[in-house]
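K.L.:
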DNA sequence: CTTTTTGCACTGACCGGTCAGTCTAAGACT
DNA sequence: AGTCTTAGACTGACCGGTCAGTGCAAAAAG
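Protein chains in written order, with this note's numbering: chain A, 15 to 218; chain B, 15 to 218.
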């Protein structure tokens, strides 16, 4: 059977899964270690056997989770490039990838937004690194698009990247929370339209 | 400053001010009532004389705060209309108003984002009402713009409204936290450009 | 005189973290 | 084979501290 190495890995994974939903629902401080342990089906001591503290558990969770997002955005951009799509197509593909990601891991993104702009918290620097990695993927696509002349050279790359990220994030979270009856295609096309300026009355 | 209003109103205001920054920094659960009272320069008993509980204090704070935002967005839209501007101009003015608001009350918006998409929390319904009021202001401008033909009839109004709101919110919070050296005009014009589709290489 | 605020001691539930001990499977020794 | 040892993973009762909320008498404000 699975030897000790795998067993531990498995326990850690279950603790992550338990923690991410609980913390997304209730916030870090009002989620108790007992709750996390219970939902993961392990004893409280096991949490501390696997992680130095509640905070460390949370930090590792964040790091692991956002790595998944970054990889997924990067993959979307790369695939578009391989298919010979434009850089604007790549942005569109990344919007889609972002929406897919939030559909799969809603709790993770929920918790990310809830913590990102707080100050004086232990995991502040972890979050900043993590944010920078995600935004950097968007920025590099924007930069390429400006280089190839697809987008205006006037573009403020860092600001636009963070605005795009925010637009997708909030729209997706709102979609999940308040209009879950919409399809992902509806959300995607609303965002695409916004991005491509068709909002401003240019009829197709 | 003015000591307008009754004595009681004054202490309530000071409690709001103390609570909003503390909770934005630390979150609701890890902010103690003693801290709030101390920062407001008031005895702990006074907190409970004025508010039924910590939760109620927070709820009233949210309600009061977002009312300010809604009023400010509405005012921006109305002023544009009075000046005879288009509905797209009104959207632009609302973006500006949103940025101004976040500049003035960063903690409030910080805390709003942190709590909005949580579930199972006492103030969930308060937040939903509050969100609906703010989004409704944007939606009504979008609706008018569609009616006058300024914007495409294909526009998905609720989704676009929440995407716009999110775009401004996240861009502004990122601006404050990570790029405070930028001027409000830079942020504003980056967002305007995004909205008016000039991202896609179309020069004005 | 009424409303509001103060100061402060107190309670009881709750929670992060600890620790001595249990379980199990894989050797090691006889 | 049977018995003993070791190491890693896990357990849960327990401890010490924290904090929302209470109670109340006395002072301040209006």
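Beta carbons are placed, not taken as given, at the ideal position from N, Cα and C, and that holds for glycine. Every value quoted in this text rests on a predicted model; they were computed, and no experiment measured them.
Might you give, ordered along the chain, the residues of its own chain that have their beta carbon closer than 7 angstroms to the beta carbon of residue 60 (chain A), omitting 5 neighbours on each side?
P.N.:
For this step, residue 60 (chain A) is matched to residue 46 along the first chain. 25, 51.
K.L.:
Comparing C-alpha positions only, which one of A:30, A:83, A:101 sits nearest to residue 183 (chain A)?
P.N.:
Locating residue 183 (chain A) in the first chain gives position 169, counting from the first residue. Nearest option by C-alpha distance: A:83.
K.L.:
Does residue 194 (chain A) get closer than 8 angstroms to chain B when you measure Cβ to Cβ?
P.N.:
Translated into positions along the first chain, residue 194 (chain A) becomes position 180. Closer than 8 angstroms: no.
K.L.:
Which residues of the segment 100-128 of chain B have a Cβ closer than 8 angstroms to any Cβ of chain A? Give them in chain order.
P.N.:
Within the segment 100-128 of chain B, the residues whose Cβ lies closer than 8 angstroms to some Cβ of chain A are 102, 124, 127, 128, listed in chain order.
K.L.:
Tell me which residue opens and which closes the alpha helix (DSSP H) that residue 162 (chain A) is part of.
P.N.:
Here residue 162 (chain A) refers to the residue found at position 148 when the first chain is read from its first residue. No alpha helix (DSSP H) holds residue 162 (chain A); DSSP gives it neither H nor E.
K.L.:
If you follow the alpha helix (DSSP H) that residue 48 (chain B) is in, where does it begin and where does it stop?
P.N.:
Taking the first residue of the second chain as 1, we reach residue 48 (chain B) at position 34. Looking at the DSSP string, the run of the alpha helix (DSSP H) that includes residue 48 (chain B) is 47-54.
K.L.:
Please say whether residue 76 (chain B) and residue 133 (chain B) have beta carbons closer to each other than 8 angstroms?
P.N.:
In the second chain, counting from the first residue as 1, residue 133 (chain B) sits at position 119. In the second chain, counting from the first residue as 1, residue 76 (chain B) sits at position 62. Their beta carbons are not under 8 angstroms apart, which means residue 133 (chain B) does not touch residue 76 (chain B) by this criterion.
K.L.:
Whole angstroms is fine: what's the gap from residue 113 (chain B)'s alpha carbon to residue 62 (chain A)'s?
P.N.:
Within the second chain, numbered from 1, the residue matching residue 113 (chain B) stands at position 99. Within the first chain, numbered from 1, the residue matching residue 62 (chain A) stands at position 48. Each residue's alpha carbon lies about 44 angstroms from the other.
K.L.:
Should residue 73 (chain B) go down as buried or exposed, given a rule of 16 or more other Cβ atoms within 10 Å for buried?
P.N.:
One-based indexing of the second chain puts residue 73 (chain B) at position 59. By the neighbour-count rule (16 or more Cβ atoms within 10 Å), residue 73 (chain B) is buried.
K.L.:
How would you list, in chain order, the residues of chain A whose beta-carbon sits under 9 angstroms from the beta-carbon of residue 42 (chain B)?
P.N.:
Walking along the second chain from the start, residue 42 (chain B) turns up at place 28. What residue 42 (chain B) touches in chain A: 41, 43, 44.
K.L.:
Within 7 angstroms: the Cβ of residue 139 (chain B) and any heavy atom of the ligand ATP?
P.N.:
What this structure holds is no ligand at all, so the ligand ATP is not there to describe.
K.L.:
Check whether chain A comes within 8 angstroms of residue 53 (chain B), counting only Cβ atoms and requiring the distance to be less than that.
P.N.:
Here residue 53 (chain B) is taken as the residue at index 39 of the second chain, counted from 1. Not closer than 8 angstroms to any Cβ of chain A, the Cβ of residue 53 (chain B) fails to qualify, so no.
K.L.:
Would residue 106 (chain B) be called buried (16 or more neighbouring beta carbons within 10 Å of its own) or exposed?
P.N.:
The residue given as residue 106 (chain B) occupies position 92 in the second chain. By the neighbour-count rule (16 or more Cβ atoms within 10 Å), residue 106 (chain B) is buried.
K.L.:
Could you round the C-beta distance between residue 111 (chain A) and residue 90 (chain A) to whole angstroms and report it? I think they count as a contact, below 8 angstroms.
P.N.:
Stepping through the first chain from its first residue, residue 111 (chain A) is reached at position 97. Stepping through the first chain from its first residue, residue 90 (chain A) is reached at position 76. Correct: roughly 4 angstroms between the Cβ atoms.
K.L.:
What separation, rounded to the nearest whole angstrom, lies between the Cα atoms of residue 15 (chain A) and residue 126 (chain A)?
P.N.:
Counting from 1 along the first chain, the entry for residue 15 (chain A) is found at position 1. Counting from 1 along the first chain, the entry for residue 126 (chain A) is found at position 112. For residue 15 (chain A), the pLDDT reaches just 35, beneath the cut-off of 50, and the residue's location in the model is therefore unreliable, although a value from the coordinates is still provided. Those two C-alpha atoms are separated by around 37 angstroms.
K.L.:
Could you give the distance in angstroms between the alpha-carbon of residue 55 (chain A) and the alpha-carbon of residue 131 (chain A)?
P.N.:
To locate residue 55 (chain A), count along the first chain from 1; it is residue 41. To locate residue 131 (chain A), count along the first chain from 1; it is residue 117. Answer to the nearest angstrom: the Cα atoms are 32 angstroms apart.
K.L.:
Could you confirm whether any beta carbon from chain B is found closer than 8 angstroms to the beta carbon of residue 16 (chain A)?
P.N.:
By 1-based counting over the first chain, the position of residue 16 (chain A) is 2. The predicted position of residue 16 (chain A) is uncertain, since its pLDDT is 37 and thus under 50; a value taken from the coordinates is nonetheless stated next. For residue 16 (chain A), the answer is no, since every Cβ of chain B falls outside 8 angstroms of its Cβ.
K.L.:
Buried or exposed: residue 41 (chain A), going by 16 or more other Cβ atoms within 10 Å of its Cβ?
P.N.:
Start at 1 with the first residue of the first chain, and residue 41 (chain A) comes out as number 27. Buried: at least 16 other Cβ atoms inside 10 Å.
K.L.:
Would you mind stating whether residue 116 (chain A) and residue 186 (chain A) have Cβ atoms separated by less than 8 angstroms?
P.N.:
On the first chain, position 102 is the one that residue 116 (chain A) refers to. On the first chain, position 172 is the one that residue 186 (chain A) refers to. Yes; because the gap between Cβ atoms is below 8 angstroms, this pair is in contact.
K.L.:
Nearest-angstrom Cα distance between residue 177 (chain A) and residue 92 (chain B)?
P.N.:
Numbered from its first residue, the first chain carries residue 177 (chain A) at position 163. Numbered from its first residue, the second chain carries residue 92 (chain B) at position 78. Looking at the two C-alpha atoms, the distance is approximately 26 angstroms.
K.L.:
Beta carbons nearer than 8 angstroms to chain B: which residues of the segment 164-180 of chain A have them?
P.N.:
Going along the segment 164-180 of chain A in chain order, one finds 164, 165, 166, 168, 169, 170, 172, 173, 174, 176, 177, 178, 179, 180 with a Cβ nearer than 8 angstroms to chain B.
K.L.:
Helix or strand or just coil, what does DSSP make of residue 67 (chain A)?
P.N.:
Your numbering for residue 67 (chain A) matches position 53 in the first chain. Three-state result, residue 67 (chain A): coil.
K.L.:
For the alpha helix (DSSP H) that contains residue 24 (chain A), what are its first and last residues?
P.N.:
Within the first chain, numbered from 1, the residue matching residue 24 (chain A) stands at position 10. 18-40 is the extent of the alpha helix (DSSP H) around residue 24 (chain A).
K.L.:
Return yes when the Cβ of residue 149 (chain B) is within less than 8 angstroms of the Cβ of residue 175 (chain B), no when it is not.
P.N.:
Your numbering for residue 175 (chain B) matches position 161 in the second chain. Your numbering for residue 149 (chain B) matches position 135 in the second chain. For residue 175 (chain B) and residue 149 (chain B), yes; Cβs fall inside 8 angstroms.
K.L.:
Using the C-alpha atoms, what's the distance from residue 28 (chain B) back to residue 47 (chain B)?
P.N.:
On the second chain, residue 47 (chain B) is found 33 positions in, with the first residue counted as 1. On the second chain, residue 28 (chain B) is found 14 positions in, with the first residue counted as 1. Rounded to the nearest angstrom, the two C-alpha atoms are 14 angstroms apart.
K.L.:
Between the Cα of residue 80 (chain B) and the Cα atoms of B:23, B:172, B:120, which residue gives the shortest distance?
P.N.:
Your numbering for residue 80 (chain B) matches position 66 in the second chain. Cα-wise, what sits closest to residue 80 (chain B) is B:120.
K.L.:
Quick one: grab the DSSP three-state call for residue 169 (chain A).
P.N.:
On the first chain, position 155 is the one that residue 169 (chain A) refers to. Residue state, collapsed to three classes: coil.
K.L.:
In or out: residue 180 (chain A) buried (at least 16 other Cβ within 10 Å) or exposed?
P.N.:
Walking along the first chain from the start, residue 180 (chain A) turns up at place 166. It is buried - the Cβ of residue 180 (chain A) has at least 16 other Cβ atoms within 10 Å.
K.L.:
Taking CB distances under 8 angstroms as the criterion, tell me whether residue 134 (chain B) reaches chain A.
P.N.:
Taking the first residue of the second chain as 1, we reach residue 134 (chain B) at position 120. For residue 134 (chain B), the answer is yes, since a Cβ of chain A falls inside 8 angstroms of its Cβ.
K.L.:
Compile a chain-ordered list of the residues in the segment 148-161 of chain A whose CB is closer than 7 angstroms to at least one CB of chain B.
P.N.:
Listed in sequence order: no entries.
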